Every structure is written in structure tokens, then in C-alpha cells.
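Chemist: Sequence lines, in order, name chains E and X.
Quick note, the first sequence lines up with residues 26 to 278 if you use my numbering.
Quick note, the second sequence lines up with residues 26 to 278 if you use my numbering.
Glycine is no exception: its CB is placed at the ideal position from the N, C-alpha and C atoms.
Quick caveat, the model's predicted, so the values are computed rather than measured.
2 protein chains.
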Amino acid sequence: MDRIYVFFVGSAGSGKTYLTKAFSDYLEFKRIDHIIVNLDPGAGNLPYSPDIDVREWFSIEDVMEKYNVGPNGAQIIASDLIATKVDDIIDEIDLYNATYVLMDTPGQMELFTLRASSEVLIGILGRNNCVSVFLFDPVVSQQAPGFLSLVFLYSSAIMRLNIPQIPVLSKVDILPEHTVKKILEWSKSPETLHDSISRERGLSPDLFNLLYDLGLFRPLIPVSSKTGDGMDDIYEQIQEIYYGGEDIERILF
Amino acid sequence: MDRIYVFFVGSAGSGKTYLTKAFSDYLEFKRIDHIIVNLDPGAGNLPYSPDIDVREWFSIEDVMEKYNVGPNGAQIIASDLIATKVDDIIDEIDLYNATYVLMDTPGQMELFTLRASSEVLIGILGRNNCVSVFLFDPVVSQQAPGFLSLVFLYSSAIMRLNIPQIPVLSKVDILPEHTVKKILEWSKSPETLHDSISRERGLSPDLFNLLYDLGLFRPLIPVSSKTGDGMDDIYEQIQEIYYGGEDIERILF
Chain E
26 MDRIYVFFVG SAGSGKTYLT KAFSDYLEFK RIDHIIVNLD PGAGNLPYSP
76 DIDVREWFSI EDVMEKYNVG PNGAQIIASD LIATKVDDII DEIDLYNATY
126 VLMDTPGQME LFTLRASSEV LIGILGRNNC VSVFLFDPVV SQQAPGFLSL
176 VFLYSSAIMR LNIPQIPVLS KVDILPEHTV KKILEWSKSP ETLHDSISRE
226 RGLSPDLFNL LYDLGLFRPL IPVSSKTGDG MDDIYEQIQE IYYGGEDIER
276 ILF
Chain X
26 MDRIYVFFVG SAGSGKTYLT KAFSDYLEFK RIDHIIVNLD PGAGNLPYSP
76 DIDVREWFSI EDVMEKYNVG PNGAQIIASD LIATKVDDII DEIDLYNATY
126 VLMDTPGQME LFTLRASSEV LIGILGRNNC VSVFLFDPVV SQQAPGFLSL
176 VFLYSSAIMR LNIPQIPVLS KVDILPEHTV KKILEWSKSP ETLHDSISRE
226 RGLSPDLFNL LYDLGLFRPL IPVSSKTGDG MDDIYEQIQE IYYGGEDIER
276 ILF
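1) Only counting runs of 3 or more residues, tell me where the beta strand (DSSP E) segments fall wholly within the segment 47-134 of chain X, in order along the chain.
2) Can you name, in chain order, every residue of its own chain whose Cβ lies under 7 Å from the Cβ of glutamate 117 of chain E, other than the five neighbours on each side?
3) Listing by chain order, which chain X residues have their CB less than 9 Å from the CB of isoleucine 147 of chain E?
4) If distances are taken between C-alpha atoms only, which option among E:Thr124, E:Glu81, E:Gly67 comes closest to alanine 99 of chain X?
5) Along chain X, which residues have their Cβ under 9 Å away from the Cβ of methionine 134 of chain E?
6) Between alanine 68 of chain X and chain E, is the shortest Cβ-Cβ distance under 8 Å, so that the two count as touching?
7) Could you have a look at glycine 38 of chain E and say whether DSSP puts it in helix, strand or coil?
8) Under the DSSP definition of a beta bridge, which residues are partnered with serine 195 of chain X?
9) Label proline 163 of chain E either buried or exposed according to how many other C-beta atoms from any shown protein chain fall within 10 Å of its C-beta, with 16 as the threshold for buried.
10) Please classify threonine 42 of chain E as buried or exposed, where buried requires at least 16 other C-beta atoms within 10 Å of its C-beta.
11) Taking C-beta pairs closer than 9 Å, name the residues in chain X that glutamine 167 of chain E reaches, listed in chain order.
12) Using 8 Å for Cβ pairs, my map puts phenylalanine 33 of chain X next to valine 158 of chain X. What's the rounded Cβ distance?
13) Where do the N-terminal and C-terminal ends of the beta strand (DSSP E) with phenylalanine 161 of chain E fall, by residue?
14) Taking 8 Å as the CB-CB cut-off, is glycine 151 of chain E touching chain X?
15) Which residue marks the beginning of the alpha helix (DSSP H) containing asparagine 234 of chain E, and which one marks its end?
16) Measure from the alpha carbon of aspartate 129 of chain X to the alpha carbon of each residue in X:Ile101, X:Val145, X:Leu160, X:Ile149, then state which is nearest.
17) If the cut is a Cβ gap below 8 Å, which residues of chain X does arginine 243 of chain E touch?
18) Any idea what DSSP makes of valine 164 of chain E, helix, strand or coil?
19) Kindly list the residues whose CB is nearer than 8 Å to the CB of asparagine 63 of chain E, restricted to its own chain and excluding five residues on each side of it in sequence; keep chain order.
20) Run down chain X in chain order and give the residues with a C-beta less than 7 Å from the C-beta of isoleucine 101 of chain E.
21) What separation, rounded to the nearest whole angstrom, lies between the Cα atoms of aspartate 112 of chain X and leucine 120 of chain X?
22) By how many angstroms is the C-alpha of glutamine 167 of chain E removed from the C-alpha of proline 201 of chain E?
23) Over what stretch of residues does the alpha helix (DSSP H) that includes aspartate 257 of chain X continue unbroken?
24) Ignore the nearest five residues each way along the sequence and tell me which others in serine 142 of chain E's own chain have a CB closer than 7 Å to its CB.
25) From aspartate 87 of chain E to leucine 44 of chain E, what does the alpha carbon distance come to, in whole angstroms?
26) Rounded to whole angstroms, what's the CA-CA distance from isoleucine 101 of chain E to tyrosine 30 of chain X? Just pull it up for me.
27) Identify which residue in X:Met256, X:Lys46, X:Leu194, X:Asp198 has its Cα closest to the Cα of leucine 209 of chain X.
28) Taking all protein chains shown into account, do 16 or more other C-beta atoms lie within 10 angstroms of the C-beta of proline 230 of chain X, making it buried, or fewer, making it exposed?
29) Could you please give me the residues that DSSP links to tyrosine 43 of chain X through a beta bridge?
30) Valine 145 of chain X to phenylalanine 54 of chain E, Cα distance in whole Å?
31) Check each candidate in E:Thr252, E:Ile246, E:Lys206, E:Lys251 and name the one with the smallest Cα separation from isoleucine 263 of chain E.
32) In the DSSP assignment, what are the bridge partners of phenylalanine 33 of chain E?
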């Protein structure tokens, strides 16, 4: 049976860990075999019990002490150390008979996307078996420039990870309904976003259309880890990417 | 006399702290009054003595203890706490007679650019008095997709901070000369980057040209904090932005 690796990726505080749990609960409910891997050496209390946990090998506190660095330096070193543990992680994954392997990535997105560990890990697991759920932070997304800023961040992750990505609007339960509607509208229509943003900045409408045409700009799935909204849609998109046949090109990113 | 706030912004490990020091040394040499503000609550040992330091008010360790969170949660909280100390920071800055205020930003870029503290701080200091030096990580920049990923990260920061930005290629002393040349060539010519990247990904040349036309893609200044290379160029670009008259529009980002 094929195994699919689902990476939850997004900026600090966007809700990766709780979404990992919510999606796990959803798979549990559907009786789909899966495990959770915590790749975040700096995680505090997790709301789920990881089946595999990089903190077994090292934690930020250990690294601070061992390398005599501050918390920042330790986070960089710890993220890079993941690359040295990839064989161990895969050995542990192989002990399970899981169809889905959910990967909760390090708190700060750039420590995962921009550093070697993601490249090494995805390279070994195989790009064709990996997909990423990319979280748009609900607070930053409320303003048009903030939303566009996240579109670029998403593009940045696409270039770097080079695996199919499913963009979601996180924590919709904390936003008023009309705000969710507005953000989803931006994500569906480059013209609407351009209209909202051009009052402030002199950006060309071509930019928005081009990003859209290239698939760097796609309709967001609204999700809530609290209510479970959107889990079905994430699941369906993963299915479509892996088993949708001719559709795969269309949703490559 | 006008006061200019220079923010050093870039992904974790790109070399912000050492560049802050190198630029300070350069200003010192030119006998230009300046101070350094450390905005990074998670900094370890700094290579300079900050005139103002957010760690006076709180550190990651304090926050972990006080809020009972792990290192990740603490970094988010600490970054957000900066917003509550902006008045104190400005009061302290006012005690100095500095023309340049160098701001060393939090280790993880997204903790600064995507969260409230940058918005509040820049809003109060005044967008017109602020400029950012954006560091392209030399390791990530070596491969064309990595470089493009950083171009998008740069675009993301531009959208979010909305102040003029000066992009630099950091730590050129660790790269072979021909690699530096290649990266600079990409940054000067959208066609060259497209040629290097299109072998791997199906991206349209229009994207590169458009980003270039919008100023989201600009020639990088090669810099080294070790040799001091490029400090003159950064200084000149800041001068051009603030005193270049008609040129200001051209280099808005």
C-alpha cells in the first residue's frame, strides 16, 4: 500500500500543531491508519501523543547547553540536526503500518523550509509521496497586504519544497464570518485582491493574474481545528492529488 | 537632524547580527553618530554591545517560565511583547543623539515581519524614517529554486513592512567567487534566472520579468561582515533613498 506523508507547514503561531491533531482525529474517525511525527524540537506541551518525536533525540534545551548558544542559535542547530536523524525517523515509521504519516514541522516555518532538514527528509521519503498543507495565518490574512504577504510566503515554500501544496485558511473560528468570506474571495479572484490592495500600493493587476495562472495563488480551504471544519476538504484534495489521475497537473502546487 | 532607522531583516541564520555589527563598525569609522538596538529577545552572546536591548525587559527564558510554554511559544510571546515596549524603546532612543539607529531584528524573520511588533514599531517611528536591509542567505541562494524562494520571501517582507528595502547577498566570503557571480547575475537579470530554473520547473518567463518590473526583484549588494565588503554600498543606497530626490520612487522597495 502506498504511504502518504503530509507536512503541516506555516508561519509561527499559524496553528500547525492543532491542525495536525484535528486531521489525525478526522482520520481516526474514518478508521484510516495513520501516525503522527513531531519534527519540532522546540515544541512545548503537545495536544496529541506523537508516535515518533524528534525530542526523543534532542530538545532545544539540550542543544543550548551542549553547544553553549542562546535559544535562537539552538533552534537553528536543532532544526539542522533533524537531517542527521532522518534514517532513524524512517526506521521508526517503518515499524507502523500507516497509510498516512502526519508531519508536524518546526514552529518557525523558515527553520524547516529554508534549511537542509526539509530537503534531506523529503528527498529520502520521495517527493512523489509527500504533500504539504500550508496554513495561512488568520490574523495576518485579514488585511489585503498581509494576505498578499502570505501568498508570497506560500510561493516561497513551493519553490523550496517542490511538493504539491494545499493552502488552507487556519482558525476560521476566531474570525467574523464576513472576514472569512472576504479572505476566501481574495483567494479565489486575483481581481478582488488587486482592488483591495491597489488603494495602498501601486501593484499591477498582471502580477495577481500571473500568480494565479502559475498556481501560486489558489482558493483557500477554510479550516478550524476547534470545530473540525475543512478536514474533509483537505482529505479530498490529498486524494485528488494522489489518485485523481489527469487532474494532478492542475493542482501540482 | 533627521534620524534614520535601519532594520536588518532576514531568515534565521542569514547573518543579521553580524551585519549589524559590521555596519556599525563602518559608521564608527566614518564618525557617524549611531546606536544599536537589539530587538531579539532570543539572542545569545552578541558580538556588539547594544545601546538598547529588549532583553533588559524580558528574555525567552523568562517568558518560558512565566507563561509555562516551550521555546517556540516563548519566542512568539516574546516577539509580541516587543509591541508593548515600543514607548520605552523610543524613550531610550531619544536619550541619544544618533543619526542612525540600527535595529537587529528577532532571529526568525517571520516573528518580526508577520507579527504585530513590526507593524506597531514602524508605525510609531514613521514609515518615512525607516529602511530595511534584507539579507539573502548565501547557502539557500546557491541553487536557483532556493534563490527564487528568497525572492518571494523578500516580496513577502516588502508587502508586510511597507518600507524601502535594500536586498543584500550575505556572507559572500563563504561562497566561491563564481557562485557569487552567478547569484548576482540572477539578481540582475530575470532572463538568466529563468534559464537556470526552467530546466526544473515550468515557470513562465513573464513571472520573472514582472517581478523585476515591480521592483520585487533587484540587484543584490554582495556583503561580508568579515571583510567589511559592501558596507559602503549599503550606506550609499540608504543615502539615495533618503536624499536622492527624484530617485526615491525608482528604489521604493
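Modeler: Let me spell this out:
1) As far as the segment 47-134 of chain X is concerned, its whole beta strand (DSSP E) runs of at least 3 residues are 59-63, 125-129.
2) Closer than 7 Å at the Cβ level, and outside the excluded window around glutamate 117 of chain E, lie Ile77.
3) By Cβ distance, chain X contributes nothing, its closest Cβ being about 13 Å from isoleucine 147 of chain E, past 9 Å.
4) Distance check between alanine 99 of chain X and each of E:Thr124, E:Glu81, E:Gly67 places E:Gly67 closest, using alpha-carbon atoms only.
5) Here the neighbours are Gln133, Glu135.
6) Cβ-Cβ to chain E under 8 Å: yes for alanine 68 of chain X.
7) Correct three-state label for glycine 38 of chain E: coil.
8) In the DSSP assignment, no residue is bridged to serine 195 of chain X.
9) Residue burial annotation: proline 163 of chain E is buried, with at least 16 other C-beta atoms found within 10 angstroms of its C-beta.
10) With 16 or more other Cβ atoms within 10 Å, it is buried.
11) Chain X residues near glutamine 167 of chain E: none, gap ~12 Å exceeds 9 Å.
12) Between valine 158 of chain X and phenylalanine 33 of chain X the Cβ distance is about 5 Å, and since that is below 8 Å, they are a contact.
13) Looking at the DSSP string, the run of the beta strand (DSSP E) that includes phenylalanine 161 of chain E is 155-161.
14) Chain X, which has no Cβ nearer than 8 Å to the Cβ of glycine 151 of chain E, makes this no.
15) Here the alpha helix (DSSP H) through asparagine 234 of chain E covers 230-238.
16) Answer by Cα proximity: X:Leu160.
17) Within 8 Å of the CB of arginine 243 of chain E, no CB atom of chain X is found; the nearest one sits about 15 Å away.
18) It is helical.
19) So the qualifying residues of the chain are Leu71, Pro75, Ile77, Asp78, Val79, Arg80, Asp129.
20) Residues of chain X passing the Cβ test: Ala37, Gly38.
21) Each residue's alpha carbon lies about 13 Å from the other.
22) Looking at the two C-alpha atoms, the distance is approximately 10 Å.
23) From DSSP, the alpha helix (DSSP H) with aspartate 257 of chain X extends over 256-268.
24) Beyond the five residues adjoining it in sequence on each side, serine 142 of chain E comes within less than 7 Å, by CB distance, of Ser104, Asp105, Ile107, Ala108 in the same chain, given in chain order.
25) Taking the straight line from one Cα to the other gives about 27 Å.
26) Each residue's alpha carbon lies about 27 Å from the other.
27) Of the listed residues, the one whose Cα sits closest to leucine 209 of chain X is X:Leu194.
28) When all chains shown are included, proline 230 of chain X counts as exposed.
29) None; tyrosine 43 of chain X has no bridge partner.
30) Between valine 145 of chain X and phenylalanine 54 of chain E, the C-alpha separation is close to 43 Å.
31) Closest by alpha carbon: E:Ile246.
32) Answer by DSSP bridge pairing, in chain order: E:Asp129, E:Val158.
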